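Trainee: Here it is: the structure, laid out below.
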Amino acid sequence: MDRLSFMRAFCRIVELNSFSRAAEDLGLSTALLSRETRLLEESLGCVLLSRTTRSMTLTDNGKLYYDECRRILEEVGALDAALRAGAGVVRGRLKVNAPLSFGLSVLSPMVPAFLARYPEIDIALTLDDRVIDMVEGGHDVSIRVRAELPDSSLVARRLATVDQRLYASPAYLDAQGRPQTPEDLKDHEICAFTLADHATVWALSDGAVEQRLAIQPRHTVSNSLFLRDMLEAGQGIGALPGFLAREAVAAKRLERVLPDHALPDRHVFAVLAARLGADAKTRAFLSFVEEALARTGPLRP
Numbered sequence: 009m010d011r012l013s014f015m016r017a018f019c020r021i022v023e024l025n026s027f028s029r030a031a032e033d034l035g036l037s038t039a040l041l042s043r044e045t046r047l048l049e050e051s052l053g054c055v056l057l058s059r060t061t062r063s064m065t066l067t068d069n070g071k072l073y074y075d076e077c078r079r080i081l082e083e084v085g086a087l088d089a090a091l092r093a094g095a096g097v098v099r100g101r102l103k104v105n106a107p108l109s110f111g112l113s114v115l116s117p118m119v120p121a122f123l124a125r126y127p128e129i130d131i132a133l134t135l136d137d138r139v140i141d142m143v144e145g146g147h148d149v150s151i152r153v154r155a156e157l158p159d160s161s162l163v164a165r166r167l168a169t170v171d172q173r174l175y176a177s178p179a180y181l182d183a184q185g186r187p188q189t190p191e192d193l194k195d196h197e198i199c200a201f202t203l204a205d206h207a208t209v210w211a212l213s214d215g216a217v218e219q220r221l222a223i224q225p226r227h228t229v230s231n232s233l234f235l236r237d238m239l240e241a242g243q244g245i246g247a248l249p250g251f252l253a254r255e256a257v258a259a260k261r262l263e264r265v266l267p268d269h270a271l272p273d274r275h276v277f278a279v280l281a282a283r284l285g286a287d288a289k290t291r292a293f294l295s296f297v298e299e300a301l302a303r304t305g306p307l308r309p
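Converting from the sequence shown to this note's numbering requires adding 8 to each position, the first position being numbered 1.
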């Protein structure tokens with residue numbers, strides 16, 4: 009292996025904490041990665057990875073080598089991307105991660121149009137409601153729908169705003185009554201999204217006053233699409249983003265609860281792993297999605 013190829017391989021070994029997993033990810037043999045690592049350590053005169061039969065850890069020299077490898081690879085990637093962008097060529101494999109509900113409801117109609125505009129891009133899209141490790145997964149961009157993002161070394165770009173309100177089926181509200189104040193929710197069945205940052209407390213605002221209401225959900229689910237189906241089936245009251253509730257509200261399968269109140273808005277963030285910014289294909293994807301979201305308007309019902 010040439011030195012640059014080994015740098016990439018070494019980073020995957022460290023990020024996946026496994027020679028075998030890195031070999032599988034790169035399409036190489038475990039024996040080759042082990043031999044190349046040993047030869048490099050011999051040429052450097054130091055140990056980079058401390059290995060036993062059960063574990064593997066970076067030495068201090070190994071951490072220094074990994075950090076510098078990441079920096080060099082990002083600079084090389086940025087240079088390649090700049091040259092491709094300057095030549096007007098957008099190509100390559102684009103790895104995208106997004107929440108399942110957002111992917112199926114919002115991204116699904118966009119991706120075919122994006123690929124039609126950029127036929128030299130191959131997309132690898134994974135849909136997962138949990139926050140993933142972008143470095144370990146090797147993703148170019150991760151779409152996240154959150155009120156805010158925690159501070160990190162990742163680079164984030166806000167693409168759109170999503171409202172978050174309470175909904176229930178008209179049949180449920182006809183049978184159980186329509187809440188008139190946030191306090192009335194304590195007398196109702198609550199369905200909650202377990203991965204939300206408001207899974208146990210709803211901060212409801214009428215535009216002037218915010219009330220924080222502790223909730224005790226009867227039903228909890230880890231997927232927003234499933235939650236919407238539960239609400240349509242009359243299982244209680246729950247919070248949904250506008251892009252999931254819009255069609256059901258228009259078809260009168262769902263009804264706004266406490267229509268003068270809303271939860272804090274969420275934002276659609278594009279999170280990038282590279283410190284030096286996105287390459288040409290990632291920039292093209294983000295611009296396309298941002299333009300498409302601007303054309304469709306706010307992600308509201």
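Note that the Cβ used here is the ideal one computed from N, Cα and C, for glycine as well.
Because the structure is a prediction, the values reported are computed rather than measured.
1) Could you compute how far the alpha carbon of residue 70 sits from the alpha carbon of residue 57?
2) May I ask which residues mark the beginning and end of the alpha helix (DSSP H) holding residue 250?
3) Can you tell me the Cα-Cα spacing of residue 312 and residue 171, whole angstroms?
4) Could you tell me whether the region 146-157 touches the region 267-280, where touching means 3 or more Cβ pairs closer than 8 angstroms?
5) Less than 8 angstroms separating the beta-carbons of residue 102 and residue 289?
6) Round the Cβ separation of residue 100 and residue 129 to the nearest angstrom and send it over; I've been treating them as touching at under 8 angstroms.
7) Could you tell me which uninterrupted alpha helix (DSSP H) segments, each at least 4 residues in length, are contained entirely in the region 20-97, listed from first to last along the chain?
8) Let me check understanding here. Comparing Cα to Cα, which of 61, 59, 121 lies closest to residue 292?
9) To the nearest angstrom, how far is it from the Cα of residue 175 to the Cα of residue 185?
10) Any idea what DSSP makes of residue 284, helix, strand or coil?
11) DSSP puts residue 134 in a beta bridge; with which residues?
12) Nearest-angstrom Cα distance between residue 189 and residue 227?
13) Quick check on DSSP: helix, strand or coil for residue 139?
14) Evaluate the contact criterion for the region 80-89 versus the region 106-124: three or more CB pairs, one atom per stretch, below 8 angstroms.
15) Based on Cα-Cα distance, which residue from 300, 18, 192, 52 lies nearest to residue 38?
16) Give the straight-line distance between the Cα atoms of residue 177 and residue 241, rounded to the nearest whole angstrom.
17) Are residue 151 and residue 201 close, meaning C-beta to C-beta below 8 angstroms?
18) Rounded to the nearest angstrom, what separates residue 163 and residue 182 at their Cα positions?
19) Measuring alpha carbon to alpha carbon, tell me which of 225, 272, 212 ends up nearest residue 266.
20) For residue 180, which of helix, strand or coil comes out of DSSP?
21) Near residue 284, which residues of its chain fall below 6 angstroms by C-beta distance, leaving aside the five closest residues on each side in sequence?
22) What does the Cβ neighbour count give for residue 224, buried or exposed, with the cut at 16 atoms within 10 Å?
Mentor: For this structure:
1) So the alpha carbons of these two residues sit roughly 6 angstroms apart.
2) Per DSSP, the unbroken alpha helix (DSSP H) holding residue 250 starts and ends at 250-258.
3) A query on residue 312 cannot be resolved here, the shown segment of the chain reaching from 9 to 309 and no further.
4) By the Cβ rule, the region 146-157 counts as touching the region 267-280, because three or more pairs are nearer than 8 angstroms.
5) Pairing residue 102 with residue 289 gives a Cβ-Cβ distance under 8 angstroms.
6) Confirmed, about 7 angstroms.
7) Fully enclosed alpha helix (DSSP H) runs of 4 or longer: 27-34, 38-52, 68-94.
8) The residue with the shortest Cα to Cα distance from residue 292 is 121.
9) If you take the alpha carbons of residue 175 and residue 185, they lie about 13 angstroms apart.
10) Bear in mind that a pLDDT of 48 at residue 284, under 50, signals an unreliable position, so the number given afterwards is only what the model happens to contain. Looking at residue 284 - three-state DSSP - the assignment turns out to be coil, as it is neither helix nor strand.
11) For residue 134, which the question treats as bridged, DSSP gives the partners 105.
12) Near 22 angstroms, if we compare the C-alpha coordinates of residue 227 and residue 189.
13) DSSP places residue 139 in coil when its eight states are reduced to three.
14) Contact between the region 80-89 and the region 106-124 is not established, with fewer than three Cβ pairs separated by less than 8 angstroms.
15) Here the closest residue by C-alpha is 18.
16) Approximately 7 angstroms between the Cα atoms of the pair.
17) Note that the C-beta distance between residue 151 and residue 201 is not below 8 angstroms.
18) Straight-line Cα distance between these residues: approximately 47 angstroms.
19) Distance from the Cα of residue 266 is smallest, within the candidate group 225, 272, 212, for 212.
20) Helix.
21) The pLDDT assigned to residue 284 is 48, lower than 50, so where the model puts this residue is not dependable, and the model offers no usable value.
22) Exposed.
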